[in-house]
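Below: one structure, written as structure tokens.
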Amino acid sequence: MDKIIIEVDFAQFQQYIECENVICENIKELREEFLTWLYDRKVDHKYWTFKDGIKYALHYDANALVEWLNTIKYSERENKAMLLADPFIALNDVNAKIYF
1 MDKIIIEVDF
11 AQFQQYIECE
21 NVICENIKEL
31 REEFLTWLYD
41 RKVDHKYWTF
51 KDGIKYALHY
61 DANALVEWLN
71 TIKYSERENK
81 AMLLADPFIA
91 LNDVNAKIYF
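Start counting the sequence shown at 1; every next residue gets the next number (the numbering used here).
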């Protein structure tokens, strides 16, 4: 399978995910689906910040997207998404970009 690199842009910093091309052909739609899951107060995940025992705010980065892709959206796939540790990705290596 072909792998692609996606730049995840948080304005103050960028992170890079490598995944199968087929997984991220519709990355903008996946972004919206991910955000719906992330902001759903009925979902218990580790990205919630609590205030007085109540889900108050979110604290996340590209790791949250990778986790969601691997365990929720495409749990049946063998070749999963992974966060690239090397922050020095050449611009011509980036195949897609999403903004948060």
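Glycine included, each C-beta is placed from N, C-alpha and C at the ideal position.
Exercise. Pick from Cys19, Gln14, Gln12 and Ala11: whose alpha carbon is nearest that of Asn5?
Worked result: Numbered from its first residue, the sequence shown carries residue 5 at position 5. The question names Asn, yet the displayed sequence has Ile at residue 5. Of all alpha-carbon atoms in Cys19, Gln14, Gln12 and Ala11, the one lying nearest the alpha-carbon of Ile5 is that of Cys19.
For this session: Would you tell me roughly how many angstroms separate the C-alpha atoms of Ser75 and Leu69, rounded to the nearest one?
Result: Counting from one through the sequence shown, the residue named residue 75 turns up at place 75. Counting from one through the sequence shown, the residue named residue 69 turns up at place 69. Straight-line Cα distance between these residues: approximately 7 Å.
For this session: Please say whether Ala62 and Leu83 have beta carbons closer to each other than 9 Å?
Result: Numbered from its first residue, the sequence shown carries residue 83 at position 83. Numbered from its first residue, the sequence shown carries residue 62 at position 62. Yes, these two residues count as a Cβ contact at 9 Å.
Problem set entry | Close beta carbons around Phe50, own chain, < 8 Å, minus the five adjacent residues each side | Here residue 50 corresponds to residue number 50 of the sequence shown, with the count starting at 1. Within the same chain, Tyr56 come within 8 Å of Phe50 by CB-CB distance, once the 5 residues on both sides are set aside.
Exercise. Near Val43, which residues of its chain fall below 7 Å by C-beta distance, leaving aside the five closest residues on each side in sequence?
Worked result: Within the sequence shown, numbered from 1, the residue matching residue 43 stands at position 43. If we look at Val43 and ignore the five residues flanking it on each side, its Cβ neighbours are Trp37.
Exercise. By DSSP, does Ile17 sit in helix, in strand, or in coil?
Worked result: Here residue 17 refers to the residue found at position 17 of the sequence shown. In the structure shown, Ile17 sits in a strand (DSSP, three-state: E or B).
Exercise. From what residue to what residue does the beta strand (DSSP E) around Ile5 run?
Worked result: By 1-based counting over the sequence shown, the position of residue 5 is 5. Note, Ile5: beta strand (DSSP E), Lys3 to Asp9.
For this session: Could you spell out where the alpha helix (DSSP H) holding Tyr39 opens and where it closes?
Result: What you label residue 39 is simply residue 39 of the sequence shown in a count that begins at 1. Per DSSP, Tyr39 belongs to the alpha helix (DSSP H) from Ile27 to Tyr39.
For this session: For the beta strand (DSSP E) containing Leu65, list its first residue and its last residue.
Result: Counting from 1 along the sequence shown, the entry for residue 65 is found at position 65. Per DSSP, Leu65 belongs to no beta strand (DSSP E); it is in the alpha helix (DSSP H), Ala62 to Trp68.
For this session: Give the DSSP-derived three-state secondary structure of Lys73 in the structure shown.
Result: The residue labelled residue 73 in the question sits at position 73 within the sequence shown. Secondary structure at Lys73: helix, using DSSP grouped into helix, strand and coil.
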